[in-house]
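Below is one structure, written out as structure tokens, with a few remarks after it.
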Ligand SMILES: [Zn+2]
């Protein structure tokens, strides 16, 4: 799986031109049909998505190109998941968060539990990215809890990304920098920082 820009036409042009790299071996990716179509719940409502699939000319591995609106194995837009995480850090429980976002409470509870379990890894990974993107970054002070520290690291890395590459929203950037596995099992490693 590779997280790509949400602009389909741009991704298609990059893919055809050989501008996308294999996340496993850095070989050149070429077009390889599509992955299965799926319904995703976006801020603006449900929509169908039919992600592109690519094949590496080096290792022959195939990869689903997932737009940066999404995380692996999650049906909800990453901005919605991010809003739930921000609300939790602000002190809300999963029930009021679910009500506010219009998402089933068990779904929200699942996101938050996974984020809590993964918070230490998230903080370490995004802090590495923050330093890689902005070598002059000063010390990052503790924010008060594991989840708050993790969220702070995401925010700082996203700021570094914007400084380097231009405007962008924090949660799609988090999807890209986590390789889409932000809320996957802790045994699912984040891609290396480079
Ligand atoms: Zn490859």
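Numbering (the numbering used here), first residue to last: 74 to 267.
Idealized CB from N, CA, C, for every residue including glycine.
With a 10 Å radius around the Cβ and a threshold of 16 neighbouring Cβ atoms, residue 80 comes out exposed.
For residue 111, the closest of 103, 96, 137 and 130 by C-alpha to C-alpha distance is 137. Within the DSSP secondary-structure output, residue 121 pairs in a beta bridge with 112.
Each of 95, 97, 98, 100, 129, 131, 132 and 134 has a C-beta closer than 6 Å to some heavy atom of ligand 1; these make up the full list, in chain order. Counting only residues of its own chain and dropping the five nearest sequence neighbours on each side, residue 245 has a CB closer than 8 Å to the CB of 79, 141, 142, 151 and 152. Excluding its 5 nearest sequence neighbours in each direction, residue 104 has C-beta neighbours in its own chain below 6 Å: 88, listed in chain order. By the Cβ rule, the segment 201 to 210 counts as touching the segment 227 to 243, because three or more pairs are nearer than 8 Å. If the five residues before and after residue 191 are omitted, its C-beta is found closer than 6 Å to the C-beta atoms of 259, all from its own chain and listed in chain order.
Rounded to the nearest angstrom, the Cβ distance from residue 188 to residue 158 is 6 Å, consistent with a contact under 8 Å.
Taking the C-beta atoms as reference points, residue 256 is found no nearer than 8 Å to residue 174. With 16 or more other Cβ atoms from the protein chains shown falling within 10 Å of its own Cβ, residue 254 counts as buried.
Using a Cβ distance threshold of 8 Å, residue 92 and residue 130 do not count as a contacting pair. Between the alpha carbons of residue 154 and residue 225 lies a distance of about 16 Å. Inclusion of residue 127 and residue 165 in the CB contact set at 8 Å is not warranted, their separation being larger than that value. DSSP places residue 127 in the strand class (E or B) of the three-state scheme.
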